[in-house]
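These notes concern the structure reproduced below.
2 protein chains.
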Amino acid sequence: GVLEKEMTDVTDVWPENSVAFLIGCSFSYDGALLDANIPLRSAEQKKNVPMYNTNLKCRSSGSLSGNMVVSMKPISAMDVAKEVEITSKFPHAHGGPVCIGRPESIGIPDLNNPDWGDAIELRPDEIPVFHACGVTPQSILMNSKVPFAITHSAGYMFVSDLPADKVP
Amino acid sequence: GVLEKEMTDVTDVWPENSVAFLIGCSFSYDGALLDANIPLRSAEQKKNVPMYNTNLKCRSSGSLSGNMVVSMKPISAMDVAKEVEITSKFPHAHGGPVCIGRPESIGIPDLNNPDWGDAIELRPDEIPVFHACGVTPQSILMNSKVPFAITHSAGYMFVSDLPADKVP
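Chains A and B are the protein sequences, given in the same order. Reminder that position 11 of the first sequence reads as 11 in my numbering, one-by-one numbering, no gaps. Reminder that position 133 of the second sequence reads as 1133 in my numbering, one-by-one numbering, no gaps.
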């Protein structure tokens, strides 16, 4: 259940009998949000998005269990409904927000201390919008003390040639 | 531009040459929200919803101009996305929220002092969700100093036999 090593090439440590799988990422709808004139501050400031452990229990499966990890976007109060309408159309990439405002209600004590990624400014006219995050499986792997696994590093995604707005 | 009289029967004061029109009301989707287990505190407490003047300018038309009036629902942070997805499907009844959180960003200085209707408790896990309100035309009529008009009283709606979820 602990992080042992980070490396840029996993070819040499890949077990013969292992299976790789790819899951959606909320970055998939960043383009759609920009097209709707919803700015993305983390990208603008060349930072990774802030990610947080929550108290939201995932449905367990066999020996795997744990809580959801979420990413946060600061969104102008007048743009939040539009953000929801857009992201809800990407169910393959985490879909709409799981929580809007009130970080403490999902077990996030301090927005300025993300568990992964970089903290980001929240302006007076904005509220924090939380989406399910693809780092959740990593958190689950560690929580479930899986003997061995290779995952991506938070914020370093696999980019495919599938169109972002099409359910694969 | 001032309220002259409130009455329960307007038959006797109805000008021969006047035209009546009905516009949608956010109450139309209250049933859909309840079906999705989103509670409606104002209705539960047998109060009218709180309504507020805003600084959101409506598009003017001829001699008519003025700002949008909004109603407010306190919604649990984890239910807000669902609330948006549901209400967005009722474009004939004001549709999705115009603002979520941050009342001051649309010119509402104090949630406890609504301009119409009754104030309502906002709990720690909730944020205020603002929808365009059918009281807007009244506010516009007064702002535009229309010589004579009859309107509904805020919260006392015309109930039709059209199904709520069908665009008429």
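Think of the CB as a built atom: it goes at the ideal place given N, C-alpha and C, for glycine as much as any other residue.
Collapsed DSSP secondary structure at residue i in the structure displayed
i       : result
A1132/B : strand
D1052/B : The question names Asp, but residue 1052/B is Tyr in the sequence shown. The answer is strand: DSSP assigns Y1052/B an E or B state.
L34/A   : helix
L1141/B : helix
I100/A  : strand
K82/A   : helix
I1106/B : helix
V13/A   : helix
S1018/B : coil
S1153/B : coil
E1121/B : coil
E6/A    : coil
P114/A  : coil
P1074/B : strand
S1065/B : coil
Where residue i meets chain A, residues with beta-carbon distance less than 7 Å
i       : result
D1125/B : R102, S105
A1077/B : C99, I100, G101, R102, S105
V1084/B : A81, V84, E85
Residue i beta carbon near the ligand ADP (any heavy atom closer than 6 Å)
i       : result
R1059/B : Absent from the structure shown: the ligand ADP. Ligands present: none.
For residue j and residue i, believed in contact at Cβ under 8 Å, the rounded distance
i       : j       : result
G1066/B : I1140/B : 4 Å
S42/A   : F90/A   : 18 Å between Cβ atoms; not a contact.
S63/A   : S144/A  : 6 Å
V135/A  : M51/A   : 5 Å
E1106/B : L1056/B : First, the amino acid is wrong: residue 1106/B is Ile here, not Glu. About 6 Å; that satisfies the 8 Å criterion.
P128/A  : M72/A   : 5 Å
V70/A   : C133/A  : 5 Å
A164/A  : G1/A    : Not a contact, Cβ separation roughly 33 Å.
G24/A   : H92/A   : 5 Å
D9/A    : N53/A   : 29 Å between Cβ atoms; not a contact.
G1096/B : V1049/B : Contact flag wrong, Cβ pair sits at about 16 Å.
Interface residues of chain B facing residue i [CB-CB closer than 9 Å]
i     : result
V69/A : Within chain B, no residue comes near V69/A; the closest Cβ sits about 16 Å away, beyond 9 Å.
Check: Does the region 74-87 of chain A touch the region 135-151 of chain A, meaning 3 or more C-beta pairs lie closer than 8 Å?
Finding: Between the region 135-151 of chain A and the region 74-87 of chain A there are fewer than three C-beta pairs closer than 8 Å, too few to call the two in contact.
Next item on the list: Note down, in chain order, all residues in the region 86-113 of chain A with a beta-carbon under 9 Å from any beta-carbon belonging to chain B.
Entry: Listed by position along the chain: T87, S88, G95, G96, P97, V98, C99, I100, G101, R102, P103, E104, S105, I106.
Note to self: Contact between the region 1092-1107 of chain B and the region 85-103 of chain A is defined here as three or more beta-carbon pairs at a separation below 8 Å; is this criterion met?
What the structure shows: Taking 8 Å as the limit for Cβ pairs, the verdict is that the region 85-103 of chain A does touch the region 1092-1107 of chain B.
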